Amino acid sequence: MAKLIPYLVSEDARAQAEFYINALGGEVRSVMTHGQLPDASEALKDKVLHMCVMAGGITFFMSDSVFEPLTHGNGIQLNLEFPTEAEAREAFAKLGEGGTVKHPLEPAFWGSLFGQIEDKYGVIWMITNQAQASQA
1 MAKLIPYLVS EDARAQAEFY INALGGEVRS VMTHGQLPDA SEALKDKVLH
51 MCVMAGGITF FMSDSVFEPL THGNGIQLNL EFPTEAEARE AFAKLGEGGT
101 VKHPLEPAFW GSLFGQIEDK YGVIWMITNQ AQASQA
């Protein structure tokens, strides 16, 4: 069975990774730079070729965009579902720092919170919490 691992290309992968670690908790697991490649360009030696980040219990791969301009779109969005409302609210607030609220975090008709933000790096996040069973 395949495993999906988001791969984020960034203008500054190190700064973006630290932002997510501060927002969600976690750590950088490994970093490989262009300087580790044979015949590496001096101009690119400190740029991130590949980084493995654990944030919010999720593995992300990241790299710096060095060979073509970075473009942002809305075709892919990352959904984070938290077990509690408090965790969802905290993540929404932290990931939203310096970004844009596209939809406020509020109760949705299906029984959980839902909100959507575009973070300061152009990544769109949907934040939810697990729906609570209705008390009948």
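Residue numbers in the sequence shown follow UniProt numbering, run continuously in steps of one, and reach 136 at the last position.
Quick reminder that beta carbons are idealized off the backbone N, C-alpha and C, glycines included.
Computed from a predicted structure; not experimentally measured.
Chain-order list of residues whose beta-carbon lies under 6 Å from that of residue i (same chain, five-residue window excluded)
i    : result
M126 : Q77, N79 and Q116
G26  : M54 and A55
L4   : none
Whole-angstrom C-beta distance between residue j and residue i, which should lie under 8 Å
i           : j   : result
T71         : L49 : Actually they are not in contact, since the Cβ atoms of T71 and L49 sit about 20 Å apart, beyond 8 Å.
S41         : M51 : Between M51 and S41 the Cβ distance is about 19 Å, and since that is not below 8 Å, they are no contact.
F61         : Y20 : About 12 Å; that fails the 8 Å criterion.
L24         : A93 : Going by Cβ atoms, the distance from L24 to A93 rounds to 12 Å, so no, they are not a contact pair.
residue 168 : G35 : The requested residue 168 is not part of the displayed model; the chain covers only 1 to 136.
Residue i - containing alpha helix (DSSP H), residue span
i   : result
F19 : A13 to L24
L70 : Element bounds for L70: n/a, residue is neither H nor E.
A88 : E85 to L95
Residue from the options whose Cα sits closest to the Cα of residue i
i    : options           : result
F109 : A131, C52 and A88 : A131
G99  : R29, D119 and M1  : D119
Residue i to residue j span [Cα, whole Å]
i    : j    : result
T59  : I124 : 17 Å
E11  : E68  : 10 Å
V9   : S65  : 6 Å
Q135 : R14  : With a pLDDT of 45 at Q135, under the threshold of 50, the modelled position of this residue cannot be trusted, and the question is left open.
L44  : A17  : 19 Å
D39  : V28  : 26 Å
P107 : V101 : 15 Å
E97  : A2   : 33 Å
L30  : L105 : According to the sequence displayed, residue 30 carries Ser and not Leu. So the alpha carbons of these two residues sit roughly 33 Å apart.
Y121 : G73  : 12 Å
H103 : L95  : 13 Å
N22  : G75  : 26 Å
Terminal residues of the beta strand (DSSP E) in which residue i lies
i    : result
F82  : L78 to F82
K102 : T100 to P107
L8   : Y7 to S10
E42  : No beta strand (DSSP E) holds E42; DSSP gives it neither H nor E.
H50  : V48 to A55
M126 : I124 to N129
Proximal residues to residue i (C-beta, below 8 Å), its chain only, five neighbours per side dropped
i    : result
N129 : E81, F82, P83, T84, E85, E87, A88, S112 and L113
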